[in-house]
Amino acid sequence: MLARLGSASLRGLDAERVDVEVELSRGLPCWNLVGLPEAAIRESRERIRSALINSGFEFPLNHITVNLAPANRKKDGSHFDLPIATGILLASGQLTASGVMDKTFLLGELALDGRINPVAGALPMVMFARAAGYHHVILPVVNVAEVTAVDHLQILPARTLLEVFKHLAGQQPLQPASAAPGHDDMASFPLDMADIRGQQQARRALEIAAARGHHILMTGPPGVGKSMLAQRLPGILPPLTLEQALEVTRIYSVAQDHSRPPMSRIPPFRQPHHSASDVAIIGGGCEFQK
């Protein structure tokens, strides 16, 4: 029996469509995972098998073939665990396919006991799901805060594989997450321009640059206050718009960096070390050159 579910794979800061196809056929019990999967996906076989068994499901003793289409593009990430496990349940007849499956987007990493762990890049994949016409997104609870700002989608947080099964089977629907407001309290920014004593010309230059959206270049010997001034510049910038906050949160989502609150309206500040190379700052490799 064949089951097909929609998913996505990260490509930089964006996501592209991936179809998860699961087929159970006669033959010796084995599991083939094709479609140019990276190591994190290849290792999902043991995670999914243990998660299904420990959740009370029967692991099928068939020839299992999982294809991640299109087969000519590399796929990476542990978020394929949940759609692959759901596909096995559908193909084995333990879960009956319904009309809601066509409009449901799933992502999540499975623990051995069936818990759903957070994944990297949840926001760009949810934005892809909205653009692709999906109506519901099932994802880990930890990733909910960063994706609730995406409108025209029903966000359904799930803690375990069993909860997802009960929702898709119509036994116990998952409760939708409510949209969380952005963190736009600029007063919470810890550094204040008022802390600076002197530096009148430099402060004036920063104020002009912040008011009109100009670039600014500061030069001078170490210890004259360049970093101190730059660190306080976000405190006098206007709050980010919703689209700008989504763009910044998408970067932190892909990097799985939780040092910044999701959907924060405070302009971001990065301070790379002066010895960092160009590649270390802006990235490199063939994927970024395309």
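Quick note on numbering: the sequence shown equals residues 3 to 292 in our numbering. We treat Cβ as the ideally placed atom computed from N, Cα and C, and that holds for glycine.
Using DSSP with H/G/I as helix, E/B as strand and the rest coil, what is residue i?
i: N119; result: strand
i: A282; result: helix
i: R132; result: helix
i: P1; result: Outside the displayed span of the chain (3 to 292) sits residue 1, for which this structure offers no information.
i: H169; result: helix
i: K76; result: coil
i: P270; result: coil
i: R19; result: strand
i: P159; result: strand
i: I198; result: coil
Considering only residues of the same chain and omitting the five flanking positions on each side of residue i, which have a CB-CB separation below 6 Å?
i: P31; result: L63
i: T106; result: H138
Taking the alpha-carbon positions, what's the residue i to residue j distance?
i: G225; j: M195; result: 17 Å
i: L4; j: L219; result: 59 Å
i: V22; j: I90; result: 10 Å
i: V139; j: Q96; result: 21 Å
i: R19; j: I198; result: 50 Å
i: T67; j: R28; result: 11 Å
i: P223; j: S229; result: 11 Å
i: Q173; j: T98; result: 12 Å
i: Y136; j: Q202; result: 54 Å
Leaving out the 5 sequence neighbours to the left and right, which residues in its chain are closer than 7 Å to residue i when beta-carbon positions are compared?
i: N145; result: P120, V121 and A124
i: N298; result: The requested residue 298 is not part of the displayed model; the chain covers only 3 to 292.
i: E40; result: K76, K77 and D78
i: A181; result: T150 and A151
i: R161; result: R117, I118 and V143
i: A2; result: No answer is possible for residue 2: it lies beyond the span of the chain, which begins at 3 and ends at 292.
With a threshold of 8 Å on Cβ separation, who are the neighbours of residue i within its own chain once the five nearest residues in sequence on each side are excluded?
i: A87; result: I50, A53, L54, L112 and L163
i: H216; result: I210
Output yes if chain B places a C-beta closer than 9 Å to the C-beta of residue i; else output no.
i: G29; result: Of the chains in the structure shown, none is chain B; there is only one protein chain.
Review point. So does the segment 235–250 actually touch the segment 267–283, counting three or more Cβ pairs closer than 8 Å?
Key: yes
Exercise for review: Specify whether the segment 102–119 and the segment 43–57 touch according to this definition: at least 3 beta carbon pairs, one from each stretch, less than 8 Å apart.
Suggested key: yes
Check your understanding: Pairing CB atoms from the segment 52–60 with CB atoms from the segment 26–40, are three or more of them under 8 Å?
Key -> no
Exercise for review: Count the CB pairs spanning the segment 252–261 and the segment 161–176 that are closer than 8 Å, and state whether there are at least three.
Suggested key: no
Check your understanding: Hey, which unbroken runs of the alpha helix (DSSP H) at 4 residues or more fall wholly within the segment 38–77?
Key -> 41–44 and 46–56
Review point. At which residue ranges does the segment 233–261 contain complete alpha helix (DSSP H) runs of 4 or more residues, listed in the order of the chain?
Key: 244–257
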